[in-house]
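Here the structure comes first, spelled out in structure tokens, and everything after it is commentary.
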Ligand code: SF4
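Numbering (this note's numbering), first residue to last: 790 to 1050.
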């Protein structure tokens, strides 16, 4: 590295190393070069203006990484047709909202259902909604955008069906036991997505999925404008700030990769 920048030879070596790490799951708590490779890849995908939806490509990479990394757990209670948890608010970053919007845009019935739920949710708190207003993307008790569902939906798994029924049907205080590895993988991949956004100066705030996707569907050229820096989500309340330790960790991830971009 010279003057804080990679030499041509360094860059070639890095690309070769990255190719090997990109083929593998994320090294959780292990080799930082794994994190670096996937973070660089995510940044490049977000920056690829020749892509139809750079956000979708970046999120597809991150969600595939989540699935490739998370270990199998023998006691997961979640099954197709079980959708008790799909009345929760779903926190999404803007790229995840664009990914969902791209997945449903050509399906008039899904778009109509989502816009209708957006109206229903106005003025409701997350607690009001829980157990009462279903996600508009649920069809026959199954997720109709399973491959494009947000990271939070990938990561929300339970090892106790009764605990889900207690929380989402009987309205008891939620206490859903989840495997620690799933939670850790969710945090690591979401933080990586946030670090990629920070590295290119984009908003990494999360929003409730339904209003964010509805806003995208109602806005011309929403993704292009957001990628160009326009604050198209300014009218949405946004989720509360993340805990400071996560904020620090995301900045550390970004700082680790910044000199190599
Ligand atoms: S996106 Fe799919 S998994 Fe997530 S809440 Fe909606 S229906 Fe459920």
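Built from N, CA and C at the ideal position, the CB exists for glycine as well.
{"Item": "Cα-Cα, which of 1048, 1045, 1046, 990 is closest to residue 1020?", "Value": "990"}
{"Item": "Roughly how many angstroms lie between the CA atoms of residue 936 and residue 1045, to the nearest whole one?", "Value": "30 Å"}
{"Item": "What did DSSP end up calling residue 891 once you bin it into helix, strand or coil?", "Value": "helix"}
{"Item": "Can you name, in chain order, every residue of its own chain whose Cβ lies under 7 Å from the Cβ of residue 874, other than the five neighbours on each side?", "Value": "945, 953, 957"}
{"Item": "If you scan the region 963 to 999 from start to end, which runs of the alpha helix (DSSP H) of 4 or more residues do you find wholly inside it?", "Value": "969 to 988"}
{"Item": "With the cut-off set at 9 Å, would you say residue 924 and residue 998 are in Cβ contact?", "Value": "yes"}
{"Item": "How big is the Cα-Cα spacing for residue 858 and residue 1011?", "Value": "31 Å"}
{"Item": "Measuring only from the beta carbon, is residue 953 closer than 8 Å to any heavy atom that is part of ligand 1?", "Value": "no"}
{"Item": "Identify the continuous beta strand (DSSP E) that holds residue 1008 and give its terminal residues.", "Value": "Here residue 1008 belongs to no beta strand (DSSP E), and DSSP marks it neither H nor E."}
{"Item": "May I have the straight-line CA-CA distance separating residue 814 from residue 854, to the nearest angstrom?", "Value": "6 Å"}
{"Item": "Would you tell me roughly how many angstroms separate the C-alpha atoms of residue 921 and residue 959, rounded to the nearest one?", "Value": "11 Å"}
{"Item": "When you compare the CB positions of residue 1050 and residue 988, do they come within less than 9 Å of one another, or not?", "Value": "yes"}
{"Item": "Could you name the residues that DSSP lists as bridge partners for residue 828?", "Value": "DSSP lists no partner for residue 828."}
{"Item": "Taking its Cβ as the centre, do 16 or more other Cβ atoms sit within 10 Å of residue 862, making it buried, or is it exposed?", "Value": "exposed"}
{"Item": "Please classify residue 1005: is it buried, with 16 or more other beta-carbons within 10 angstroms of its beta-carbon, or exposed?", "Value": "buried"}
{"Item": "Are there 16 or more other CB atoms within 10 angstroms of the CB of residue 964, so buried, or fewer, so exposed?", "Value": "exposed"}
{"Item": "Suppose the cutoff is 6 Å on Cβ atoms and the five residues either side in sequence are ignored; what does the same chain contact list for residue 986 look like?", "Value": "993"}
{"Item": "Run through DSSP, which three-state label would residue 871 get?", "Value": "coil"}
{"Item": "Looking at the unbroken alpha helix (DSSP H) that takes in residue 914, where does it start and where does it end?", "Value": "Residue 914 -> no alpha helix (DSSP H), and no H or E assigned at all."}
{"Item": "If we ignore side chains and look at the alpha-carbon of each, how far apart do residue 849 and residue 917 end up?", "Value": "31 Å"}
{"Item": "Using 8 Å as the cut-off, classify the Cβ of residue 950 as near or not near the heavy atoms of ligand 1, replying yes or no.", "Value": "no"}
{"Item": "What number of angstroms, rounded off, separates the C-alpha of residue 1022 from the C-alpha of residue 978?", "Value": "23 Å"}
{"Item": "Of the residues 1016, 1042, 1008, which one's Cα is nearest the Cα of residue 1024?", "Value": "1008"}
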